[in-house]
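Okay, structure first, notes after.
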Amino acid sequence: MGDTLQIQRTLLNAVLTAVLFIAPASALAETDFHKEAAHAAELRNQGNLKEAALGYEHVLSSVRKQFGAGHADTVATIAKLVEVYATQGRFGDVETLYKTYAKDAEASLGKDHTSTLAYKDALGILLQVTGRDEEAGELHKQVLEARERTLGKDH
Numbered sequence: 226m227g228d229t230l231q232i233q234r235t236l237l238n239a240v241l242t243a244v245l246f247i248a249p250a251s252a253l254a255e256t257d258f259h260k261e262a263a264h265a266a267e268l269r270n271q272g273n274l275k276e277a278a279l280g281y282e283h284v285l286s287s288v289r290k291q292f293g294a295g296h297a298d299t300v301a302t303i304a305k306l307v308e309v310y311a312t313q314g315r316f317g318d319v320e321t322l323y324k325t326y327a328k329d330a331e332a333s334l335g336k337d338h339t340s341t342l343a344y345k346d347a348l349g350i351l352l353q354v355t356g357r358d359e360e361a362g363e364l365h366k367q368v369l370e371a372r373e374r375t376l377g378k379d380h
């Protein structure tokens, strides 16, 4: 149980860092999806994680269709859904989510786009905290190389 809690905390910190890096603070605040996302947040705060996950999954499906994988609303919703999944110990779902959105972001935005790299970096952190160090190391190396290509080695 202690290991699961540590994994959850580490993963949530990674998610928050990734989201703050690529999503503006106002994400979801001015969209048509705000009410539904706010309701899901209320459910999460009440401890109704199953219903919160369903709400965020619906919001994510909607914003993904309308805006795409790299949009701030999509990124913010993924972070909220990852938080719920991690709290539930659903790390396999977190992995699937990151892989799906990394692939989508790469296809629509490019392999070196900040959103693509943030999803891959978060996936690497998940792999690392769940004991898959070799896979995590390879993914972190790819992300670092891409950031060096786009931002320069001294950035």
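Per our numbering, the sequence shown runs over residues 226 to 380.
Beta carbons are placed, not taken as given, at the ideal position from N, Cα and C, and that holds for glycine.
All of these numbers come straight from a predicted model, not from anything done at the bench.
Assigned exposure category for G295 - 16 Cβ within 10 Å defines buried: Within the sequence shown, residue 295 is the residue found at index 70, counting from 1. Burial call: buried.
To the nearest angstrom, report how far apart H283 and K275 are at their CA atoms. On the sequence shown, residue 283 is found 58 positions in, with the first residue counted as 1. On the sequence shown, residue 275 is found 50 positions in, with the first residue counted as 1. So the two alpha carbons sit approximately 13 Å from each other.
Could you say which of D337, A266, H365 lies nearest to G377 if we only look at CA atoms? As a working note, residue 377 is residue 152 in the sequence shown. Of D337, A266, H365, the smallest CA-CA separation from G377 is found for D337.
Through-space distance from S333 to A277, alpha-carbon basis: Here residue 277 refers to the residue found at position 52 when the sequence shown is read from its first residue. Here residue 333 refers to the residue found at position 108 when the sequence shown is read from its first residue. Looking at the two C-alpha atoms, the distance is approximately 28 Å.
If contact is defined by three or more beta carbon pairs under 8 Å, each pair taking one atom from either stretch, is the segment 308–324 in contact with the segment 364–373? With a cut-off of 8 Å on Cβ pairs, the segment 364–373 is not in contact with the segment 308–324, counting fewer than three such pairs.
So, do the segment 310–317 and the segment 285–294 have three or more beta carbon pairs nearer to each other than 8 Å? As far as the Cβ criterion goes, the segment 310–317 does not touch the segment 285–294, which means the pair count is below three.
Identify whether G280 lies in helix, strand or coil by the three-state DSSP scheme. Looking up residue 280 in the sequence shown gives position 55. Helix at G280.
With a threshold of 7 Å on Cβ separation, who are the neighbours of L268 within its own chain once the five nearest residues in sequence on each side are excluded? Your numbering for residue 268 matches position 43 in the sequence shown. Excluding residues within five positions, the ones whose Cβ falls inside 7 Å are E276, A277, G280.
Kindly list the residues whose CB is nearer than 6 Å to the CB of Y310, restricted to its own chain and excluding five residues on each side of it in sequence; keep chain order. As a working note, residue 310 is residue 85 in the sequence shown. For Y310, where only same-chain residues beyond five positions count, the Cβ hits under 6 Å are D318, V319.
For V288, which residues in the same chain have their Cβ closer than 6 Å to its Cβ, ignoring the five residues on either side in sequence? As a first step, residue 288 must be located in the sequence shown, where it is residue number 63. Counting only Cβ-Cβ distances below 6 Å, and skipping sequence neighbours, we find F258, D298, T299, T302.
In three-state DSSP terms, what is R289? As a position in the sequence shown, residue 289 is number 64, starting the count at 1. Of the three classes helix, strand and coil, the one that applies to R289 here is helix, per DSSP.
Ignoring anything shorter than 4 residues, give me the alpha helix (DSSP H) runs that lie fully in the segment 296–356, in order along the chain. 297–312, 316–334, 339–354
Cβ neighbours of R372 in the same chain (closer than 7 Å, five flanking residues each side left out): One-based indexing of the sequence shown puts residue 372 at position 147. Here the set comprises L342.
If I'm right that Y344 touches A361 with Cβ under 8 Å, what's the distance once you round it to whole angstroms? Taking the first residue of the sequence shown as 1, we reach residue 344 at position 119. Taking the first residue of the sequence shown as 1, we reach residue 361 at position 136. In fact, because the Cβ distance is near 14 Å, the residues do not count as touching under 8 Å.
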